[in-house]
Amino acid sequence: MTSPAATVTAPVADAPAATAPRNALLDSLMPLLVDVGVPLASYYALKAAGLGTFAALAWSSVLPAVRTVWGVAGRRRLNGLAALIVTVNVVSLLTSLVVGDPRLMLAKDSGVSSIIGLVILVTALKGQPMMTAGVRPWLVKGDAAKDAAWQRLAAGSAAFRRAEIRFSAVWGAALLGECVLRAVGAYTLPVETMVWLGTVVMVATLVFAFLLSGRVGAVPMERMIAGEAGAGKTADTAR
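Quick note: the sequence shown, position 239, residue 1646 per the working numbering, numbers continuous.
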């Protein structure tokens, strides 16, 4: 299947947010549908067509990997998080193909999550949160005043920096926890069970990380940005 990090945390550039809420929702859901729904459906379709377990797992993992690389190539810009995800996905996929073990094929996704989660967590603890590349466009929404407010807060607000770090730390810890669960399941449960259960664990991890990181990181940051942007507009008007 595919790693949750590749699904939700692989923005390759600081692009403006979608202009309409419906477009923003579709943009958010489409990677999830492609990276989770398509591999799961294709696995069972390939199995029904007569392919073995390993072959079905291998072929069902190709599309998400191609989509990630294509997304990077299409934008022609690569940030640190996107580069990490592409590299780890390609290396883990090639390794599992060489070994030819269906359990390793399942466990590779937990390996991807663990490496990405660890790097995200380390960068957060060092005060250089990697998830900033993804959360910033989401919070400023292409608004110049909010973007300027972000820059001022990032440079001078300790509270804002703590919220930014908490946001990344939650995602890093969640991905590490997901890694442990899926790795244990890959070698203790039947392969057929882990094909769908791994997806359940992935989606649950995404939902948990999204809700918790929003509560402790994104929401406080959004409030501070709105307040700072409002203060900046008031100051400009006074002049």
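Ideal Cβ positions, reconstructed from N, Cα and C, are used throughout, including at glycine.
In chain order, what residues of the same chain have a beta carbon less than 7 Å from the beta carbon of residue i, not counting five sequence neighbours either side?
i       : result
VAL1542 : PHE1574 and ALA1625
GLU1629 : LEU1546
VAL1608 : GLU1585, LEU1588 and ARG1589
ALA1616 : VAL1577, TRP1578 and ALA1581
Which residue comes first and which comes last in the alpha helix (DSSP H) that contains residue i?
i       : result
LYS1548 : No alpha helix (DSSP H) contains LYS1548, which DSSP labels as neither H nor E.
ARG1569 : 1565 to 1595
MET1601 : 1598 to 1620
Suppose the cutoff is 6 Å on Cβ atoms and the five residues either side in sequence are ignored; what does the same chain contact list for residue i look like?
i       : result
ALA1593 : ARG1510, LEU1513, ALA1514 and MET1601
ILE1572 : ALA1531 and PRO1536
Does DSSP classify residue i as helix, strand or coil?
i       : result
ASP1508 : coil
ALA1456 : coil
VAL1536 : The question names Val, yet the displayed sequence has Pro at residue 1536. In this structure, PRO1536 counts as coil in the three-state DSSP scheme.
How many angstroms separate the CA atom of residue i from the CA atom of residue j?
i       : j       : result
ARG1568 : ASP1508 : 44 Å
SER1520 : LEU1583 : 6 Å
ARG1589 : MET1538 : 23 Å
ALA1556 : ALA1611 : 33 Å
MET1631 : LEU1604 : 39 Å
ALA1570 : GLY1534 : 11 Å
ALA1540 : ARG1559 : 17 Å
PRO1544 : LYS1553 : 10 Å
ALA1452 : GLU1635 : 52 Å
THR1426 : THR1606 : Caution applies to THR1426, whose pLDDT of 44 falls short of 50 and renders its modelled position unreliable; the value that the coordinates give is listed next. Whole-angstrom Cα-Cα distance: 31 Å.
ALA1633 : SER1517 : 37 Å
LEU1525 : GLY1457 : 38 Å
VAL1614 : VAL1591 : 21 Å
PRO1627 : GLY1637 : 15 Å
Query raised in the report: Quick one: any contact between the region 1555 to 1570 and the region 1509 to 1529, if contact means 3 or more CB pairs under 8 Å?
Result: no
**Report entry** Validate contact between the region 1588 to 1600 and the region 1525 to 1536 using beta carbons, cut 8 Å, 3 pairs
**Finding:** Under the Cβ criterion (8 Å, minimum of three pairs), the region 1588 to 1600 does not count as touching the region 1525 to 1536.
Requested in this report: Count the CB pairs spanning the region 1616 to 1625 and the region 1577 to 1593 that are closer than 8 Å, and state whether there are at least three.
Outcome: yes
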